[in-house]
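Here is the structure we will look at, set down as structure tokens.
Residue numbers (my numbering), protein chains in the order written: chain A, 1494 to 1815; chain B, 1494 to 1815; chain C, 1494 to 1815; chain D, 1494 to 1815; chain E, 1494 to 1815.
Encoded structure:
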């Protein structure tokens, strides 16, 4: 694997005795951000949440993507007010959701909890064969509501990828015109992806990260790549790589280039595993995490305890604005 | 099932000796409504119909959706003037219909019967496999006609769901810009829905209610979920839930969050059953009902008798503006 | 003077022994109103205020037109919340004001007090020689806020009249497109008016009423014409007419044609005089009154007493919707 | 003078033994602000500067309005970088300037110093007889740059007032559409103002504050009214009022209603006088101050010492968000 | 084969003793270019790169088209900064890439390395059966960034060709309006192409070049046609032509007419072969080459050595501006 690129010199060793290396994040000033994008991202990176240039984001779009089924684990979480409270009390960098929840629930938190307006989505009901997320909101909606970023899902590799790129073009242009940072949920999908190792393979995640960079993402949300037997179906040389999980994720961060990387939480996992995942991600140069079910499917007190632990970890990775 | 959320404290017991609990509706002031939406909804909720924050709506879009076949039961109902008269005499909160009927029949009732302009529709002729309702009117049409809300059908789960979301985006944005309340007819549809318990399953209705909330509905019209053997095909935990009809519907109301809930009448049913359905819905926190065939397929005198009974029931559920 | 035109047969004699005749108002159905305009005007004429097809409107644009000087007589009236409360408690048909007060104060009264958005205005500071009121809001603002009408001041006879007509064209067209009733404040102004009897002369008021009709007003607000020596400077035959105040005002109502007439209150006057002015206006076929300073410069209790008297008078003039 | 209106109950007495009364500021939640405006204003009021709902703003538009002449007192101040550094080190709530300085100097401070984009201006060279400030930027420029508010100068009473109102309409509408707070520099101007007591008279300042409220300002910047012999030329009752400076300023704050009040610094004055002016303003319900020359015409160390004193004062007037 | 067309008289013999003929390139003045297009192309042809009317272009869109897989051969190349450095140090005429890389990496090289903004693309994941590249940027983006040309891929023969033509129409029109040169990546694709000799056949490449000319390309990028057994499936007379590689390529150049021709590098090949390919192309009238993987998959020192060789060759083919 290559040396860290475009990101200054890495810190030498991981302080807390780990074997791994800690890769620095590229300074904000190197990212070609317009003043508006820089202003808005700075709010999330330095003025809210753990700060120090990190991101701790609470998504609540699962009611659309998966349906109310996700809320059974913690019935209180069915009420979006719950997630807003959690974001406020847990001092998240921002909450990410669709226009309907923003219109109906954000007004009480305007000025307190930063908003990321998720701009496209779909339900989990129809087949994913032609996966495509339609717009549910616009960049101008985000501006109107005082959001600090927008989110957009690209299904990399889907047969509907061409419509997706076209739709994203409009979003990207509006965002550029209005100084609004764009966070791309970069998700590999579709049968061609499945045939090459699957959506969790390094091949797929790595490619998706690069696509987000190429299309204009300021931040890219990726899933952690998972090695499996199916990797053998990936194109060379992915089919023969023998990378540690840390190396694999570092590879993805490098492919994302000057797009900051957010790690997706995915389904609820154990605490130790989760915290280890966070450290590994931050060591590899990630900017932060976006954890939904791992947060609001817990009892609130437990979630707040976890956010305190996350804040503590993130403080270790603080970098000054630059 | 969880405690009532986002709606203040519930009334403790049902006053008139019922076994069930009566759940309050969230106050209008908590819904994040713009002044225009609040003004228009207040007219329907407090100035017309039964009042007290309830809705009794008469739809007459079945001529488009089903064809004239629905009017054979009461031939007088074929003339849209019939439904306008019924809405006026029965003191409905509003009448809901498409642009053609609005243009040709509403002018005589302008200022007397509030109008909900239904903005999209389809015929019942082509297969429902790719169910999608095209626009028949616009929010600006509704403003021009003096309507107090617009209606839009989303077929949740349809393979054409992506086009539906895109089309709805335009409607939602115009409605926001012009202060026009949006009522979403949230209908599960398509083979994937059929394979998971069907369009009347709690899974499907519950998901549809949440989708409407996420996309920006101010009011959501849902069908009453119907338990059946097919529920076993629903995703867990829906496949093993053992909820009473009251509990199921309450679940749906909670998923709709700060979108007010209208109960659909569906096909004509017996009077006792119908009134019981209304009470059960209102107990569960519904805002009102939208009954078409159950109203205008009866002889007019019978329909007016029924509306008086409905007014009486709704008075029991009156809440002050707030 | 001609017989009442376009307005059915007049009631024969004034019931309470008056010498004068009572002229009916033209039925709403005769006015060529679009459904949207009819719907919105019906709310003001029949659903709020005294009803029966009358209008009792509370204007609070004097803070812009005259400055805070008008509020010294009743210091509580400096706070716009005062006028909103008065409109609500006194059951006015609507409150009329500019966008700034609408944005900041209306939200609490949305759904309770109907709104007339005044669309243009000026301060009383610069010379009136080129009197012209610029737009402060738009018809779309009015729609967005849920207003039931817009107000626009035309300075008839002003040297800036050409710009005024052009500006009004845009308002009138937007209002037509969106079904929004237009109330024209028809005010004679300028040195040419002064040279022909002055802005209170029958010549000037009569001409202004006709201009409003010609340009597309749905309702016209006029001042009561005041006979004086200066009438001799008016063009023939105005310079030799010897009409009673009642006849003069009836003349103006006829010139306004199918534009409904609102009588302006002007400066605060005595109660008996005010009530007499109201009766005289209604006898002459006026639709209602728009009284500001005569209302909110009084102590509130006194104002509410006066509104009760006005409601009682207006009930005498009720006409059914038609 | 009337009791405080629309602003909850006043605190009873000034804690630190002052003779005067301390008037509270209206809570943010009462101002009818959209979520976007609320979010952006909250950043200035609570997240930057002294906080606690106060504003300490540094304007640097004098280079346009007066020319480089203002920078001779402190030559370092000629470089706009100086004011940016001062804003950052002195922890101002925001810096206010025109598009040129924003484009050329803000990028280094994006994310650190909040921006208020001043949208119109003029030079001091032509006569003020027809005072009118043309647009130099747009609300969309402000959004693009990540500004938290826009500033607009209205010359109340100027013969060009009609063009000013028209121009402001476009700004106000864009700001509403994009959720951008509007700060109006409300300046009386013109010969008619001069003839009625002058631009510093209570009559003029009071009227200007109300005009800003009526036209849609969220915040209004006013000069402190100055009593003089010329007040006798003001319209009654202003010509006979005998108000203390505190009472005069409180009068202006009340006329501004739900528009927050910023006090202008004007020319450089002595420190004691300046601090006393600040206290008096805050006691009267002002939200904060906008001091330019009083800040950057001093040596920097002196200016920073002064900002520390201002921060200390403002802390006394902190109110919680509501 | 026909005589060179539209391009003046060819140079008579190849100076350095080659057997082949050297065909001149058409003078810039003969191409019907608007002043803007001519200005921008002149920068690439004469002011940067080898000059003399030639083009040496470095593309870096493979991260999107192929994924990060292409960067394994030279890990440093994963960082787009690498290609920018290579373009600068190797004195390329321009670098060609997508909007995301342009936004994030170009700012440091603006004014140093000319930019070609690639406007459409796709990933290599879904099947090529319906090959279509969606827009990722716009001509206006290119203008905004200071690009000197835009690139657009047309998949000639793809079943999605109709959508492609439509999409290109918009690009071509914007480019015409804004004076922006258009470089068309003319790629034969699809099963119908495969059935007629394949995408590398002379039939296919020749047809693609003409299509680019017909649709409005200013420059066309083609692959070198490769003779094979499959040519027998090409339509007559392509199925029986017996042309040398030089003749084949010259045929393609002639079909491109007044669109300048760029030769694509394709996969990495040996140095001697590459240089020979360049000479052959230039002899045949090509304007230059666009070599990506052949450049940045090498160690940088090696790549720079190669660019020096290419510069030397291009100097031989210099033509004066005309």
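Positions of the beta carbon are idealized from the N, C-alpha and C atoms, including for glycine.
Using CA coordinates, which residue listed in the options is at the minimum distance from residue i?
i              : options                        : result
residue 1595/E : 1562/A, 1640/A, 1525/A, 1603/A : 1525/A
residue 1583/E : 1764/E, 1697/E, 1784/E, 1685/E : 1784/E
residue 1514/C : 1803/C, 1812/C, 1797/C, 1772/C : 1772/C
residue 1699/D : 1680/D, 1684/D, 1637/D, 1685/D : 1680/D
residue 1794/C : 1815/C, 1569/C, 1808/C         : 1569/C
residue 1682/D : 1721/D, 1651/D, 1656/D         : 1651/D
residue 1612/B : 1529/B, 1802/B, 1742/B, 1632/B : 1632/B
residue 1696/B : 1578/B, 1727/B, 1704/B, 1713/B : 1727/B
residue 1657/A : 1762/A, 1581/A, 1736/A, 1628/A : 1628/A
residue 1546/D : 1802/D, 1781/D, 1744/D, 1801/D : 1781/D
residue 1693/C : 1622/C, 1722/C, 1673/C, 1705/C : 1722/C
residue 1521/B : 1712/B, 1637/B, 1643/B, 1684/B : 1712/B
Quick one: which chain D residues come within Cβ less than 7 Å of residue i?
i              : result
residue 1627/C : 1655, 1658, 1659
residue 1540/A : 1540
When you compare the CB of residue i with every CB in chain A, is at least one pair closer than 9 Å?
i              : result
residue 1498/B : Here the model assigns residue 1498/B a pLDDT of 38, short of 50, so the residue's position is not dependable, and the following value carries that caveat. Cβ-Cβ to chain A under 9 Å: yes for residue 1498/B.
residue 1561/E : yes
residue 1514/B : no
residue 1545/D : no
residue 1548/D : no
residue 1739/B : no
Quick one: list the residues of chain C neighbouring residue i, beta-carbon separation under 9 Å, in chain order.
i              : result
residue 1531/B : 1600, 1603, 1604, 1639
Just to check my reading of the structure: residue i and residue j have Cβ atoms closer than 8 Å, yes? What is that Cβ distance to the nearest angstrom?
i              : j              : result
residue 1641/E : residue 1609/E : 7 Å
residue 1614/B : residue 1591/B : 6 Å
residue 1625/C : residue 1645/C : Not quite, the Cβ-Cβ distance comes to about 12 Å (not below 8 Å), so this is no contact.
residue 1786/C : residue 1555/C : 7 Å
residue 1755/B : residue 1529/B : 20 Å between Cβ atoms; not a contact.
Can you check whether the C-beta of residue i is within less than 9 Å of a C-beta belonging to chain C?
i              : result
residue 1669/D : yes
residue 1536/B : yes
residue 1586/B : no
Verify the CB distance criterion: does residue i have a CB-CB separation below 9 Å to chain D?
i              : result
residue 1595/A : yes
residue 1506/A : Note that residue 1506/A scores a pLDDT of 33, beneath 50, so its modelled location is shaky and nothing firm can be said.
residue 1631/C : yes
residue 1620/C : yes
Below 7 Å on C-beta distance, what does residue i contact in chain A?
i              : result
residue 1578/D : Near residue 1578/D there are no residues of chain A at all, since even the closest Cβ is about 15 Å away, more than 7 Å.
Run down chain E in chain order and give the residues with a C-beta less than 7 Å from the C-beta of residue i.
i              : result
residue 1704/A : 1557, 1616
Taking Cβ positions only, does residue i come closer than 9 Å to chain B?
i              : result
residue 1592/A : yes
Run through chain B and tell me which residues come within less than 8 Å of residue i, C-beta to C-beta.
i              : result
residue 1636/C : 1529, 1636, 1671, 1672
Using a cut-off of 9 Å between C-beta atoms, extract the partners of residue i located in chain A.
i              : result
residue 1814/D : 1604, 1605
For a contact defined as C-beta to C-beta under 8 Å, what are the partners of residue i on chain C?
i              : result
residue 1710/D : 1593
(request) Could you name each continuous beta strand (DSSP E) segment of 3 residues or more that falls completely within the stretch 1503-1568 of chain A, going from the start of the chain to the end? (result) 1548-1552
(request) At 4 residues or longer, and completely inside the stretch 1671-1733 of chain B: list those alpha helix (DSSP H) runs for me, N to C. (result) 1684-1687, 1695-1708
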